[in-house]
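Below: the structure, in structure tokens.
Protein chains in written order, with this note's numbering: chain A, 167 to 748; chain B, 167 to 748.
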């Protein structure tokens with residue numbers, strides 16, 4: 167099974183989400199040819215270096231023995247090649263060796279990386295999170311010693327948050343950071359679920375660890391952020407003796423076997439404070455939007471991988487008679503139900519990709535737009551879209567991977583085929599970086615309320631404008647009609663959430679997020695269909711068909727979703743486990 | 167993690183789908199106490215003997231070596247105990263050692279078996295299919311020699327249909343049955359995906375194999391059904407020398423590792439014709455309804471297993487502050503989004519269970535109702551509901567197992583927790599015994615058209631009557647309103663399918679089946695809520711809340727589903743692989 171990075175799709179998606187305008191305003195030195203060249207080269211690297219390792223990474227996985235983790239076969243060399251190719255540093259500050267490109271372009275490259283090999287992609291993804299944390303909150307010395315190594319990929323980074331009793335609720339963490347009397351700290355405690363927490367792919371690994379200080383208040387106010395390094399660093403950043411932390415084991419997981427998920431034991435490891443005492447969670451939250459968006463991109467990526475495999479299989483596998491042509495035996499692609507699945511998979515992938523890339527462009531604009539007002543507006547919409555990009559896209563990842571298995575029929579259940587791996591790998595994305603339930607709570611509890619609902623209402627108004635344009639194009643009128651109904655439903659549900667709040671809104675959070683994603687996804691597809699209009703390229707012409715299919719299968723459900731989410735809170739509150747149990 | 171067979175839920179479901187009336191009419195010797203005793207005892211066997219083997223079966227699986235399969239650890243002894251307990255023979259004819267109980271009760275016992283251990287349950291399930299095939303089409307000698315052994319469980323049966331090039335399209339099969347000149351045949355060819363095709367749990371295994379005869383016409387008319395036995399039988403049914411077929415390997419699968427999925431090689435195996443030459447597929451189709459319904463029950467079963475585990479975890483795991491009570495740390499059961507997932511899981515399980523048991527009761531009535539007219543009506547509705555029971559329930563199985571992982575958060579992705587196994591096991595059920603796409607095609611291509619649509623229209627009319635009753639009960643009025651809209655939407659979509667037919671209807675098949683299942687599922691929950699009405703048992707009171715939640719989250723989408731399924735056929739027909747590919 168050959169994977170081919172979806173360079174054309176991504177390039178088209180970037181065009182339709184305002185990336186060219188972003189480049190004009192904020193990246194004058196980055197022209198369209200350079201963007202195309204970056205995407206082409208990243209796609210080639212993903213196809214030739216990362217995709218071939220994916221199956222072996224699943225079969226053999228990372229290994230733990232004698233207090234150390236060995237990366238899956240080929241992964242260490244691939245990481246060195248990835249770093250040498252400069253793929254680790256696309257959006258990083260040139261001051262520290264980065265290339266200063268747009269976040270949206272970097273996300274696009276990450277999508278191809280995750281699609282080729284999701285377990286591998288987590289290593290640079292977590293390294294990038296560490297880069298962002300240090301760039302924002304590190305001391306000058308920390309930046310000088312550590313950032314260039316992370317940006318170059320000589321070292322990797324890990325984010326160390328979860329503890330056995332503290333997952334979604336980080337306030338419950340107990341890892342301690344004790345002052346060492348010399349201005350530093352020593353870390354004591356155990357972290358779990360630490361992605362790429364240990365490995366043999368690079369000479370050193372730095373951990374960003376949240377922990378309590380001895381005299382800290384309880385709860386989130388008592389949590390600070392610390393930097394620790396697998397090997398101690400001298401004042402020039404050279405590595406010395408081993409520090410006092412080590413992996414205790416790695417998890418035996420459903421998927422992403424090539425990504426070592428470590429239990430980490432901190433046994434007096436020397437560490438430095440990052441940022442301010444008591445601000446650990448706040449510092450983490452600054453990165454959270456970026457990491458959540460990255461995970462949304464993973465959902466797109468694994469869906470793309472599963473889709474490509476299913477599409478290829480559907481053309482090779484022959485069974486039965488084609489209903490349209492009468493051919494026998496027909497490629498199963500020629501059976502309407504199979505083709506419907508494939509088109510729906512593709513439509514949802516395009517919708518999710520465009521949502522994620524839109525959020526990426528907003529992240530760039532939030533930093534780089536000309537005026538404070540524009541930056542604030544971009545930031546607000548970025549924050550609104552981030553939980554949707556994360557949760558909706560990762561749900562799409564699971565759904566599309568499951569449909570990919572289904573298209574394969576019995577062969578999909580056989581591990582050798584590879585479809586099953588995508589189904590297993592995809593399942594983590596709705597869980598980590600804040601479960602999709604947490605995303606939904608964030609959306610209704612914080613984001614929708616921004617500006618008394620103005621941020622979401624403005625979005626709905628823009629969607630309605632696009633719907634109006636669509637209704638004026640004969641072959642997209644049905645999309646326009648359903649998109650308008652969807653936007654009205656979303657607006658209505660938004661009013662309801664804002665009017666109720668509290669437990670009522672939280673009870674509706676999951677369906678509300680789904681509604682928002684469904685409608686915004688339809689908006690994205692409608693815009694793509696408009697952008698493709700008039701072309702006689704069959705691939706561009708297909709965008710209208712995808713938008714229509716999505717409008718019938720997804721958008722048409724929006725009014726019902728909006729209606730249904732309004733009741734239920736009282737029943738949820740009253741339901742006891744005993745009444746639910748058999 | 168302790169599994170407890172859902173005896174109370176199943177008993178309640180049986181009551182609400184007309185099982186008591188069936189017993190009065192057709193099983194006068196089977197009273198309510200006996201039914202309760204059978205369910206209790208089956209539940210106890212499932213809990214104590216089968217559930218404890220489930221995880222080990224997953225980890226160690228069945229093994230193939232040196233031309234033979236060894237069952238997963240403990241499975242052989244468990245099968246002997248299962249047979250010794252009489253669980254293999256509940257609905258079989260007493261003439262051959264069966265107990266002559268209702269199919270609906272037998273299905274209920276199978277649900278508990280599959281929930282405890284789905285990989286195990288496949289062995290008696292396939293044996294039962296062989297029993298039905300022989301009972302209907304076997305010669306007197308075949309029945310005398312083989313049926314008692316299968317009914318007692320001394321031997322097991324396997325159904326041998328699929329070949330590498332012939333999966334959904336059995337017409338393409340090439341296995342040959344050559345006359346041996348003595349009235350028998352020898353089999354030559356290869357079958358794949360043969361569930362429990364070989365194992366060491368019993369002394370003998372009989373295979374029902376579809377194959378071509380040398381002078382047969384091409385296509386389905388050339389296919390006949392044959393009986394072959396792992397060991398040759400003398401005229402008393404005693405086993406002798408080994409016959410010439412053997413397993414070539416077993417598959418490495420995503421799930422159900424405890425169920426050996428065999429490649430079977432027939433190398434001149436002696437075999438006997440079953441039924442008539444050229445009627446092999448027709449003979450198989452008679453059993454197909456039963457087997458498809460059984461797989462639907464597997465969907466219910468794996469969902470129940472996943473639900474129980476998620477519910478237990480949600481009460482143990484503490485994270486964050488409870489939004490209603492303010493407790494800290496709260497059981498995650500007290501977070502609205504988690505509780506909504508659990509209630510939706512439970513509602514869908516109850517809906518799917520009731521659909522399957524309704525279909526089981528109809529299967530009994532189709533054989534045993536008093537008049538020919540009643541039997542014909544039951545058979546028609548049984549045939550209508552079978553593809554819905556199979557496809558909708560197995561989709562529920564996957565969906566609920568996925569939500570079960572999600573409720574667990576990060577722990578759900580760790581294999582040791584067990585939630586991941588259910589997610590893997592559940593994935594086969596939408597595929598085997600006819601993919602869910604095949605079920606949808608069967609529904610719109612054959613079943614909806616029965617009586618020019620009268621069978622489905624009568625069902626819709628009954629649903630509308632229930633909806634009317636519901637609207638008159640204050641706390642169920644919203645369910646009644648949405649159920650009426652759902653039934654109207656189903657009727658409308660049915661008219662559309664009947665008016666269009668052909669490729670248009672096949673293009674809408676998947677969404678149409680989903681719509682039908684969603685609405686009929688809501689009907690089942692509405693009836694359960696009515697049946698539970700007035701009780702002050704909290705568990706029974708909970709039925710109304712489940713029906714309401716389902717009405718908001720599922721039924722309210724029915725009008726949109728019905729609207730959306732009507733277009734798309736032209737876009738499906740026009741879409742080329744090149745336009746879909748990146």
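Glycine is no exception: its CB is placed at the ideal position from the N, C-alpha and C atoms.
For residue i and residue j, what's the separation of their Cα atoms in angstroms?
| i | j | result |
| --- | --- | --- |
| residue 478(A) | residue 573(A) | 10 Å |
| residue 295(A) | residue 421(A) | 22 Å |
| residue 694(A) | residue 701(A) | 12 Å |
| residue 706(B) | residue 640(B) | 17 Å |
| residue 610(A) | residue 504(B) | 15 Å |
| residue 535(B) | residue 467(B) | 28 Å |
| residue 377(B) | residue 226(A) | 40 Å |
| residue 448(B) | residue 388(B) | 11 Å |
| residue 441(B) | residue 176(A) | 58 Å |
| residue 728(B) | residue 591(A) | 33 Å |
| residue 569(A) | residue 347(B) | 49 Å |
Select from the options the residue whose C-alpha is nearest the C-alpha of residue i.
| i | options | result |
| --- | --- | --- |
| residue 680(B) | 200(B), 655(B), 698(B) | 655(B) |
| residue 293(B) | 274(B), 306(B), 314(B) | 314(B) |
| residue 390(B) | 339(B), 455(B), 740(B), 603(B) | 339(B) |
| residue 204(A) | 273(A), 739(A), 746(A), 320(A) | 273(A) |
| residue 673(A) | 647(B), 519(B), 506(B) | 506(B) |
| residue 471(B) | 212(B), 242(B), 268(B), 736(B) | 212(B) |
| residue 316(A) | 266(A), 598(A), 249(A), 365(A) | 249(A) |
| residue 335(A) | 194(A), 550(A), 600(A), 237(A) | 600(A) |
Just to confirm my understanding: we take residue i, look at its own chain, exclude 5 residues before and 5 after, and list those with CB closer than 7 Å. What are they?
| i | result |
| --- | --- |
| residue 495(A) | 484, 485, 486 |
| residue 593(B) | 420, 421, 564 |
| residue 719(B) | 510 |
| residue 359(B) | 328, 427 |
| residue 344(B) | 351, 352, 354, 380 |
| residue 738(A) | 673 |
| residue 502(A) | 489 |
| residue 165(B) | In the structure as shown, chain B begins at 167 and stops at 748. Residue 165(B) is therefore absent and cannot be evaluated. |
What are the start and end residues of the beta strand (DSSP E) that includes residue i?
| i | result |
| --- | --- |
| residue 455(A) | First-last for residue 455(A): 446-482, but that is the alpha helix (DSSP H), not the beta strand (DSSP E). |
| residue 431(B) | 427-440 |
| residue 494(A) | Per DSSP, residue 494(A) belongs to no beta strand (DSSP E) and is neither H nor E. |
| residue 344(A) | 342-345 |
| residue 230(A) | 229-231 |
Can you name, in chain order, every residue of its own chain whose Cβ lies under 6 Å from the Cβ of residue i, other than the five neighbours on each side?
| i | result |
| --- | --- |
| residue 403(A) | 311 |
| residue 543(A) | none |
| residue 257(A) | 267, 269, 272 |
Taking the alpha helix (DSSP H) that residue i falls in, what are its first and last residues?
| i | result |
| --- | --- |
| residue 594(B) | Careful: residue 594(B) lies outside any alpha helix (DSSP H) and carries neither H nor E. |
| residue 622(A) | 620-637 |
| residue 665(B) | 643-666 |
| residue 274(B) | 269-282 |
Which residues in the same chain as residue i place their Cβ atom closer than 8 Å to its Cβ, once the five residues preceding and following it in sequence are excluded?
| i | result |
| --- | --- |
| residue 586(B) | 571, 578, 579, 580 |
| residue 170(B) | 209, 213, 474 |
Would the C-beta of residue i count as close to the ligand ADP, meaning under 8 Å from any of its heavy atoms?
| i | result |
| --- | --- |
| residue 272(A) | Absence of the ligand ADP from the depicted structure is noted, as is the absence of any ligand whatsoever, leaving it without description. |
Short-range partners of chain A found in the stretch 550-568 of chain B, where Cβ spacing is below 7 Å: 564, 568
Contact residues within the stretch 351-375 of chain B, judged by C-beta distance below 9 Å to chain A: Taken in chain order, the members of the stretch 351-375 of chain B whose beta-carbon sits within less than 9 Å of a beta-carbon on chain A are 358, 359.
Positions along the stretch 566-587 of chain A whose CB lies within less than 7 Å of some CB in chain B: 568, 571, 572, 575, 576, 578, 579, 580, 581, 582, 586
Chain A contacts made by the stretch 725-746 of chain B, where a contact means CB separation under 8 Å: Within the stretch 725-746 of chain B, the qualifying residues are 725, 726, 727, 729, 730, 731, 732, 733, 734, 735, 737, 738, 739, 740, 741, 742, 743, 744, 745, 746.
Short-range partners of chain A found in the stretch 669-693 of chain B, where Cβ spacing is below 7 Å: 669, 672, 673, 675, 676, 677
Selection of the stretch 712-725 of chain A by Cβ proximity to chain B, strictly under 9 Å: 712, 714, 715, 717, 718, 719, 720, 721, 722, 723, 724, 725
Cβ-based contacts, 9 Å cut-off: residues of the stretch 242-253 of chain B near chain A: none
Chain-ordered residues of the stretch 502-532 of chain A with a beta carbon less than 7 Å from chain B: Listed in sequence order: 502, 503, 504, 505, 506, 508, 509, 512.
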